[in-house]
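Numbering (the working numbering), first residue to last: 1 to 581.
Here's what the structure looks like:
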């Protein structure tokens, strides 16, 4: 699988000969990315808890016009640099919005980042292979489940992935050229992308990229090739790009940002599983069979050919990219599925090259069957979940969602059947159709219809329905027992998290003159007895205006939230309770 090697093992399919060109392939990948990533951007509510933490912090930047210090309400959010918040601020301003921007605006950097990842995957692959193979590489990145998920979450990972992809694309060309002179353009691109990765998510980008550089030096026993990146000037440019914000945050927080971000967040993840996300080694390896779908099936069937070409520049580069960082991720105690997303292209590239050379044409029967199962089962499982999942949650399935995901499952089975016969590349288009149907079905229909888990949006809608409380800018809300960041983001920065006794005191206070006449306490059922006891003690007569129940997706706990207001007791007054929402 040397760069530019002829593909004589089999005849390319018609669709690959038609679209496998440097003009048509990127356009096709752009269209594929939009079809896969756009559904759900407007209709899926904020996903607790990481996404609304980011969006709320960005919202407060827009409210305060302080673009250095990062805060979630009154709490300092000193975990990640400001890069992703700046991108979300730019998205709001460029689309003509302010702090009241809808959620899809905050998600734009992730959507664009995911599209850039696909196109950068094509560009990266072109360093090693022709446009037909690069088209396959971009397609595998676009269809990977984890990329589709991160494209819809307003947080760091899609943008970080894009920065890493660009840096690795420049690095691959620097390494392959092994020039005796400086490659200023590639060096500039490499160091700029590296700086962007730092501003987005701190040390993760430099770790993945740096370990790749070290791995290439070790595997080839040469270091001089890296001089082409202009390391001295490049590092100075890197410092120029990253230092202004780091200096500013040091001054603004008196250095506490670094103690929090490094001492607690980073080292906490290394030493112990944060927020219940600890897992044993090899967890990531097992998770890749699901989150990288449909790639694993093709990886398995291509493995013999990849092994034969293990000394090729492509495989050496991908080993240097994948193995060191994968070991680090497995050793870190905190494990989340998206951590290994920057390693996806290191598996994609050799698979794409192997498919172009006819991988699977003469594979053993058992290998075909295992690959077919890896391809079919996730598609069938997602379709089954789209139908049965809502019943488990106490909702009706979305008919369009169930139908579209079922069609996706059929395509997955057809693709698996095609893997059993001849070259694996012939199964790729059907696998892409399966991924498209599943993405549209799950994100466009099934997800938005899972009303029991979207507690925060329904809670805000219930507040809107309380007489006199329709104007969100003119109501005061406190919450006790339900502290999800999505509720804070949707309801407003002024929403206060408070104790049951504090909630009673809040309702007892008379409204200020010319102030908000709508005062509501959202009390989760576990805190309701304490709230009522505190209300009785201070002579408050609270009344339930609305009730909202559902399932908190963080931990799977059922929640039942009452919206209370203060009323004055009067003879013959009615209870006033509305039906449960």
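From the three backbone atoms N, C-alpha and C, an ideal C-beta is built for every residue, glycine too.
Please report how far the alpha carbon of residue 20 lies from the alpha carbon of residue 390, in whole angstroms. 41 Å
In terms of residue numbering, what span does the alpha helix (DSSP H) encompassing residue 565 cover? Here residue 565 belongs to no alpha helix (DSSP H); instead the beta strand (DSSP E) covers 557–566.
If we count the other Cβ atoms within 10 Å of its Cβ and call it buried at 16 or more, is residue 239 buried or exposed? exposed
Measuring CA to CA, which of 351, 352, 420 and 443 is closest to residue 383? 443
Between residue 581 and the rest of its own chain, which residues show a CB-CB distance below 7 Å, the 5 nearest in sequence each way excluded? Residue placement at residue 581 is poorly supported in this model, since its pLDDT is 31, which falls under 50; the coordinates still yield a value, given next. For residue 581, where only same-chain residues beyond five positions count, the Cβ hits under 7 Å are 458, 462, 546, 547 and 548.
Going by CA-CA distance only, name the one from 211, 183 and 234 that's closest to residue 195. 234
According to the neighbour-count rule (16 or more other Cβ atoms, all chains shown, within 10 Å of its Cβ), is residue 338 buried or exposed? buried
Which first and last residues belong to the beta strand (DSSP E) in which residue 550 is found? First-last of the beta strand (DSSP E) with residue 550: 542–552.
Cα-Cα, which of 428, 111, 319 and 231 is closest to residue 181? 231
Local conformation of residue 517 per DSSP, three classes: In this structure, residue 517 counts as coil in the three-state DSSP scheme.
Just the C-alpha distance for residue 509 and residue 165, rounded to the nearest angstrom, thanks. 56 Å
Please tell me whether residue 77 and residue 91 are closer than 7 Å, where the distance is taken between their beta carbons. no
Beta carbon of residue 395 nearer than 7 Å to that of residue 441: no
For residue 68, the three-state DSSP class (helix, strand or coil): Coil, per DSSP.
Report yes or no: do three or more beta-carbon pairs, one from the segment 191–209 and one from the segment 285–297, lie closer than 8 Å? no
Check the DSSP bridge columns for residue 224 and list the partner residues they point to. Looking at the DSSP assignment, residue 224 forms no beta bridge with any residue, so it has no partner.
From which residue to which residue does the beta strand (DSSP E) around residue 479 run? 475–480
Residue 78, enclosing alpha helix (DSSP H) - first and last residue: No alpha helix (DSSP H) holds residue 78; DSSP gives it neither H nor E.
Which of the three DSSP states, helix, strand or coil, is assigned to residue 107? helix
Run through DSSP, which three-state label would residue 496 get? strand
DSSP three-state label for residue 334, please. strand
Identify the continuous alpha helix (DSSP H) that holds residue 182 and give its terminal residues. Premise fails: residue 182 is in no alpha helix (DSSP H) and is neither H nor E.
Residue 63 (DSSP reduced to helix, strand or coil): helix
What do you get for residue 492, buried or exposed, if any count of 16 or more other CB atoms within 10 angstroms of its CB means buried? Residue 492 should be labelled buried.
Check whether the segment 414–428 and the segment 363–381 are in contact - that is, three or more C-beta pairs closer than 8 Å. yes
Less than 7 Å between the beta carbons of residue 486 and residue 48, yes or no? Cβ atoms of residue 486 and residue 48: closer than 7 Å.
With C-beta atoms as the reference, is residue 346 less than 7 Å away from residue 137? no
Within the continuous alpha helix (DSSP H) that includes residue 24, where are the two ends? 24–37
For residue 523, which of helix, strand or coil comes out of DSSP? strand
Excluding the 5 residues flanking residue 99 on each side, which residues of the same chain have their C-beta closer than 7 Å to its C-beta? Closer than 7 Å at the Cβ level, and outside the excluded window around residue 99, lie 59, 62 and 63.
Under the rule that 16 or more other beta-carbon atoms within 10 Å means buried, what is residue 258, buried or exposed? exposed
Which residues mark the beginning and the end of the alpha helix (DSSP H) in which residue 245 is found? First-last of the alpha helix (DSSP H) with residue 245: 231–253.
Assign residue 397 to one of two classes, buried (16 or more other C-beta atoms within 10 Å of its C-beta) or exposed (fewer than that). That one is buried.
Taking the alpha-carbon positions, what's the residue 220 to residue 202 distance? 29 Å
Three or more C-beta pairs under 8 Å: does that hold for the segment 30–39 against the segment 98–116? Yes, the segment 30–39 is in contact with the segment 98–116.
Beta-carbon within less than 7 Å of residue 415's beta-carbon, same chain only, minus the 5 sequence neighbours each way: which residues are those? 375, 427, 430, 431 and 434
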